[in-house]
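Numbering-wise (this note's numbering), the sequence shown opens with residue 11 and increments by one. Where a beta carbon is used, it is the ideal one built from N, C-alpha and C, also for glycine. First up is the structure itself, then whatever we jot down about it.
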Amino acid sequence: MRMPSNGQVRAQVLVVDDEHDHAEAMAEALRKPGHVCTIVHSLAAAKDELVHGHFDVIVTDLVMESEVAGLEVLAFARAQQPHAETIMITAHGDIPTAKKALQGGAYDFIEKPIDLVVLRNVVYHAAEAVMLRGQNEALKGQVDSAYGFEGILGESLAMRQVITMVRQLAPSTLPVLVTGESGTGKELVARAIHTLSKRASRRYVTFNAAGQAESLLEDQLFGHVRGAFTGADKDREGVFEYSDRGTVFLDEIGDMPLTMQPKLLRVLETGDIVRLGANEPKRIDVRLVSATNRDLKKMASDGQFREDLYFRLKGAEIHIPPLRDRREDIPLLVNHAIGKYSAELNRTRPTITQPALMRLVAYDWPGNVREVFQLIHRMVVMTAADAIDVRDIPDEIRALDDASEGPAQTRAGLAGVGLDKLEKEAIRQTLAMTAGNRELTAQMLGIGERTLYRKLKEYGLR
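Right under this line is the structure:
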């Protein structure tokens, strides 16, 4: 499958229909937007093509040769080409059987007489679903090998708990509220929930609720009908309709105007949306994941956010702690970022010296993970040497570190201090930074784990 510059998905389509004229008409309609169609007229021929060919979408008549052969085509396709989507063509009287096909994994069904425009639209969306699923799987493979878990980096207990919650919540339909400071990775968590869910092949849409006029916000979320306002010359679907059967990630939900919140509450309570200018609601099926860096509970108690909406949004809550509270994750982030940007620049991957790494671990990272990646990107670009050292760290961070009372003490503060006391303090503070991770502590100090264990016993450290 490929997507040319005009944005149309071009798919390999198998058309199965024992009525030759119907099959040719469907194939001709699908070839116009660029799909490649193969036509067969029997169950046996369909099975042969599914064994030897490769298809993204199968369009099959439900009843052929007086038998419900379409269900067998569906079952065979799911066994032979599980990535593909199957669309059923059915007469009105066969709708109960068509619904049974949906339960068996069919993408959709179309009633006869066939509207070829509807056929093209359904095939387009089915092909898009296949493409998105393929992209998700490819991305997941890259991400898992490079990042650890669905793009979420972290070895700390706190991040392991986040990952556990993502795994538990992804298969459900519960709304999820992701909280944490800016830059902690809330969007990564939202995307992981989608990727691990049954909706992974459907759309994942990110929408930022902050800094927009209410009228524009409502139009973007719910859409409008023709004539709803000046300039509305045609119907337009909003984010929720566009994402039907998929996932919507509402970022900065704490900044949504109070007057808009009842409309969002209605979506969560009833699954209905009403376009601007419309009278009738429309039912949608969307998984909602929202995120904020604000304290919604306090905002609700202060009357700045609807309490009923707050409780609806947090069907479950995942909190991502700031990086300063999980410093043991910093070396992992730093090393991953070095590899990522070295590969992008097609340069030899530099190492990072232990003093430089300790400086970075000691820094509080107010911008969290996003700031780590921005800084490492800058250093990989600007550093020509084979190793990133303290001198390569920007002055503003070194100055903060030098001025703080932490592992990076000034030379004046070290004068006259015994070496054994310096060593003990270095071990103690590094252990504190890594939340007791001895393997990481040894790595940061540049000593072996056995040496570290001996020193811990010698200095009475735990």
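Note to self: Counting beta carbon pairs with one atom in the stretch 190-204 and one in the stretch 341-351, are three or more of them shorter than 8 Å?
What the structure shows: no
In chain order, what residues of the same chain have a beta carbon less than 8 Å from the beta carbon of Lys122, not counting five sequence neighbours either side?
Ile99, Thr100, Ala101, His102
Inter-residue Cα distance where the pair is Glu77 and Ile294 | 34 Å
**Asked** Less than 8 Å between the CB of Leu274 and some heavy atom of the ligand SAH, yes or no?
**Response** No copy of the ligand SAH appears in this structure; indeed no ligand is present at all.
Residues near Lys57 in its chain [Cβ-Cβ closer than 7 Å; skip 5 each side]: Phe86
**Asked** Taking C-beta to C-beta, are Val284 and Val258 nearer than 9 Å?
**Response** no
My guess is that Gly195 and Val379 are in contact by the Cβ rule of under 8 Å, so how many angstroms apart are they, rounded?
5 Å
Please state the DSSP three-state secondary structure of Leu206. coil
Q | Assigned exposure category for Gly237 - 16 Cβ within 10 Å defines buried | A | exposed
Original post:
Identify the residues that DSSP records as bridge partners of Lys292: which are they?
Top reply: Ile283
Local Cβ density within 10 Å of Phe239, reported as buried at 16 or more and exposed below that
exposed
>> Taking the alpha helix (DSSP H) that Leu187 belongs to, which residues open and close that run?
In response: Counting along the chain, Leu187 falls outside any alpha helix (DSSP H), though it belongs to the beta strand (DSSP E) covering 186-189.
Can you tell me whether Thr269 is helix, strand or coil according to DSSP?
helix
Q. According to the Cβ coordinates, are Asp28 and Met36 closer than 9 Å?
A. no
Q) Taking C-alpha atoms, which residue in Lys467, Ile120, Asp66 lies nearest to Pro106? A) Ile120
Open item on the list: Comparing C-alpha positions only, which one of Phe250, Gln439, Tyr134 sits nearest to Leu227?
Closed with: Phe250
Exercise for the section: State the start and end residues of the unbroken alpha helix (DSSP H) segment that holds His62. Expected result: 53-62
Return the chain-ordered list of same chain residues with a C-beta closer than 6 Å to the C-beta of Thr70, the five sequence neighbours on each side being excluded.
-> Val26, Gly80, Val83
task = Would you mind stating whether Ile348 and Val390 have Cβ atoms separated by less than 9 Å?
result = yes
Mind checking Val153: buried by the 16 CB within 10 Å criterion, or exposed? Only weak support exists for where Val153 lies, its pLDDT of 45 falling under 50; the value from the coordinates is given anyway. The residue in question, Val153, is buried, as its Cβ has 16 or more Cβ neighbours within 10 Å.
Review point. To which residues of the same chain is Thr189 closer than 8 Å at the C-beta, ignoring the five residues directly before and after it?
Key: Lys196, Ala301, Thr302, Asn303, Leu306, Glu327, Ile328, His329, Ile330
What is the rounded straight-line gap between the Cα of Gly423 and the Cα of Pro404? Per-residue confidence for Gly423 stands at a pLDDT of 47, beneath the threshold of 50, marking its modelled position as unreliable; the derived number appears in the next sentence. Near 23 Å, if we compare the C-alpha coordinates of Pro404 and Gly423.
Helix or strand or just coil, what does DSSP make of Phe65? coil
TODO: Over the uninterrupted alpha helix (DSSP H) stretch that includes Asp229, give me the two end residues.
DONE: 224-232
- Message: In the DSSP assignment, the alpha helix (DSSP H) including Val400 goes from what residue to what residue?
- Response: Segment: none, Val400 is in no alpha helix (DSSP H) and carries neither H nor E.
* Completely contained alpha helix (DSSP H) runs for the stretch 163-188, where each covers 4 or more residues -> 167-179
Practice item. State whether the stretch 314-322 contacts the stretch 264-275, with contact taken as three or more CB pairs (one from each stretch) at a distance under 8 Å. Key: yes
Could you pull the DSSP bridge partners for Gln22 from this structure?
Val46
Check: What is the rounded straight-line gap between the Cα of Pro267 and the Cα of Ile386?
Finding: 37 Å
Ile362 bridges to which residues according to DSSP? Ile398
Exercise for review: Please look up how many angstroms separate the CB atoms of Asn218 and Glu262, rounded, as I've assumed it's under 8 Å.
Suggested key: 5 Å
- What's the C-alpha gap between Gly144 and Tyr214? 14 Å
Checking the sheet assignment: what are the DSSP bridge partners for Ala326?
Val186
Starting from Leu306, follow the alpha helix (DSSP H) in both directions and report where the run begins and ends. 306-311
| message | Please tell me whether Lys324 and Leu187 are closer than 9 Å, where the distance is taken between their beta carbons. | response | yes
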